[in-house]
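Enquirer: Following the UniProt record's numbering, the numbering of the sequence shown begins with 1 at its first residue and continues without gaps. For every residue, glycine included, the Cβ atom is placed at its ideal position computed from N, Cα and C.
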Amino acid sequence: MELRQLHTFEAVVAHRTVTDAAVALGLAPSSVSEQIRSLERSLGVVLFIRAPRGMRLTAAGERLLGWSRRLLDQAQQARAEVAAARPLLRIGALETMAASHVPAILARLAERRPDLRVEIRSDASRDQLLGAVAAGELEAALLLDLGGGVGDLGFALPPAPPSGAAWLAHLDLEAVPLVLVAAPSHPLNGVPGLLKGRLRGEKLLVNTPACSFWMAGERILGPDLERVRTGGVALTRACVEQGLGIALLPEFAVRTELASGSLVRLQLPVSDLQLRLVWRADREAVPGLREMLYAASA
Numbered sequence: 001m002e003l004r005q006l007h008t009f010e011a012v013v014a015h016r017t018v019t020d021a022a023v024a025l026g027l028a029p030s031s032v033s034e035q036i037r038s039l040e041r042s043l044g045v046v047l048f049i050r051a052p053r054g055m056r057l058t059a060a061g062e063r064l065l066g067w068s069r070r071l072l073d074q075a076q077q078a079r080a081e082v083a084a085a086r087p088l089l090r091i092g093a094l095e096t097m098a099a100s101h102v103p104a105i106l107a108r109l110a111e112r113r114p115d116l117r118v119e120i121r122s123d124a125s126r127d128q129l130l131g132a133v134a135a136g137e138l139e140a141a142l143l144l145d146l147g148g149g150v151g152d153l154g155f156a157l158p159p160a161p162p163s164g165a166a167w168l169a170h171l172d173l174e175a176v177p178l179v180l181v182a183a184p185s186h187p188l189n190g191v192p193g194l195l196k197g198r199l200r201g202e203k204l205l206v207n208t209p210a211c212s213f214w215m216a217g218e219r220i221l222g223p224d225l226e227r228v229r230t231g232g233v234a235l236t237r238a239c240v241e242q243g244l245g246i247a248l249l250p251e252f253a254v255r256t257e258l259a260s261g262s263l264v265r266l267q268l269p270v271s272d273l274q275l276r277l278v279w280r281a282d283r284e285a286v287p288g289l290r291e292m293l294y295a296a297s298a
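Structure follows, in C-alpha cells:
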C-alpha cells in the first residue's frame, strides 16, 4: 500500500469517477484505474462498486477511508518536520467571495502564525471546492450557505465516511445580506411592503443553477419569476442597470450602485446568507488549521 495509491483513492472517492479524479490529479484515467486495482490487490479486497453513474465505496472501502486520511496527514507532517519546512495551509474560496473576504482573514492569520505558508485557490464551482476538501487537497473552503447544516442552501455534499458523524465541520463567520435590485425606472421601485406575489412574471437575472444566489432565489422568491441567464455578478449587475430585469445579489456587490442611484433596492424582505468556513473534522490536527479558524472568526 503506497501513499500515492491512497492519494488516488481519496480523489476517486471525492470525484466519484476515474475520469474526474484523473483530471483533478493531472493523470491519465488509465493510471488512476491501475493504481486503484493495485491498491485492491495489495489489500486483497474490492474497494469500489463500479456503476454507470459512478463509483461507490464498498464496506472495505469505507473502512479504508478514515485510515487513508490519517496516514496521508501523518506523512505530510513527517515530511514537513524532517525537511524543517514551514507548514502549508491550503484554503479554497468561491470566486465571488475571495477578493472581498479572504485578504482580511489572511492578514489575521499572518499575525497569529507568521511561520505558515498559505495557498489560496479560488474557484467558481462550490462542488470542486468541497470535493477538494473531502479529498484532502484543501484544508478548508470558504463558501455561502444558509444557517443550519452544511448544504441547507440546496447543494449536494461529497460522500460521507462510514461513521458519518464528524464529517464536515463548519464555522459561520458573518451574515452576507442579500438585496433584490432593479433599475430606478422599474415600476416596483418605491412600492412599500412588497410581497412575492407582486413579482409574478418579472424577469429574474441569474447565473447558473449551481450559483449560491440562484439557489437563494429559489428559496426566497419561489418559482413564479421568469429566470433569464446572464452570467456572473458583474454582468448581472450591469444588465439590471440597463432595465433588463431584477436580480438577487449580495449587498456588498451593489453597494456603490445603490449609493449612486444607478440601482434601487426593492422593498421585499429577503433572508441573509452565511459566509461559512468548511473543513473535515478529522483533519483539525493539521498544522495551522485551528489558528485559521480563530483568525477567520476574529
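Can you tell which of T256, A124, V270 and D115 has the C-alpha that lies nearest to the C-alpha of G193?
Expert: Of T256, A124, V270 and D115, the residue nearest in Cα terms is V270.
Enquirer: With a floor of 4 residues, list each alpha helix (DSSP H) that falls wholly inside the stretch 147 to 235, ordered by position along the chain.
Expert: Here the runs fully enclosed are 212 to 221.
Enquirer: Determine contact between the stretch 270 to 290 and the stretch 136 to 149, defined as no fewer than three beta-carbon pairs at a distance below 8 Å.
Expert: Result yes; three or more Cβ-Cβ pairs closer than 8 Å.
Enquirer: Would you mind sorting E10 into buried or exposed? The rule is 16 or more other CB atoms within 10 Å of its CB.
Expert: That one is buried.
Enquirer: Near R121, which residues of its chain fall below 8 Å by C-beta distance, leaving aside the five closest residues on each side in sequence?
Expert: Within the same chain, R121 has close Cβ partners R90, I91, G92, A93, L129, A132 and L138.
Enquirer: Got a sec? Which residues, its chain only, sit under 6 Å from A140 by beta carbon, not counting five neighbours each side?
Expert: Excluding residues within five positions, the ones whose Cβ falls inside 6 Å are I91, L277 and W279.
Enquirer: Measuring straight from C-alpha to C-alpha, what distance separates K196 and L221?
Expert: Distance between the alpha carbons of K196 and L221 is about 6 Å.
Enquirer: Pick from R126, A28, A296 and A104: whose alpha carbon is nearest that of G154?
Expert: With distances taken between Cα atoms, G154 lies closest to R126.
Enquirer: Is it buried or exposed for S42, if we count other Cβ within 10 angstroms and need 16 for buried?
Expert: Answer is exposed; the Cβ neighbour count stays below 16.
Enquirer: With distances taken Cα to Cα, identify the nearest neighbour of L65 among E95, D282, V179 and V286.
Expert: Measuring from the Cα of L65, the nearest candidate turns out to be D282.
Enquirer: What are the complete alpha helix (DSSP H) segments, minimum 4 residues, inside the stretch 16 to 95?
Expert: As far as the stretch 16 to 95 is concerned, its whole alpha helix (DSSP H) runs of at least 4 residues are 18 to 25, 29 to 43 and 59 to 82.
Enquirer: Only counting the same chain, and skipping five residues up and downstream in sequence, which positions put a Cβ closer than 7 Å to that of H15?
Expert: Cβ within range, chain order: A21, A24 and G131.
Enquirer: For the stretch 258 to 266 and the stretch 210 to 217, state whether three or more C-beta atom pairs, one from each stretch, are separated by less than 8 Å.
Expert: The stretch 258 to 266 vs the stretch 210 to 217: no contact.
Enquirer: Compare the Cα-Cα distances from L225 to each of P187, L205 and G44 and report the closest residue.
Expert: Of the candidates P187, L205 and G44, the one whose C-alpha sits nearest the C-alpha of L225 is L205.
Enquirer: With DSSP as the reference, label V286 as helix, strand or coil.
Expert: Residue state, collapsed to three classes: coil.
Enquirer: Over what stretch of residues does the beta strand (DSSP E) that includes D123 continue unbroken?
Expert: Element bounds for D123: R117 to D123.
Enquirer: Indicate whether R113 and E291 have their beta-carbon atoms separated by less than 8 Å.
Expert: In contact: R113 and E291 (Cβ atoms closer than 8 Å).
Enquirer: Among residues of its own chain, excluding the 5 on either side of G61, which ones have a beta-carbon nearer than 7 Å to its beta-carbon?
Expert: So the list reads L47 and F48, once near-sequence residues are dropped.
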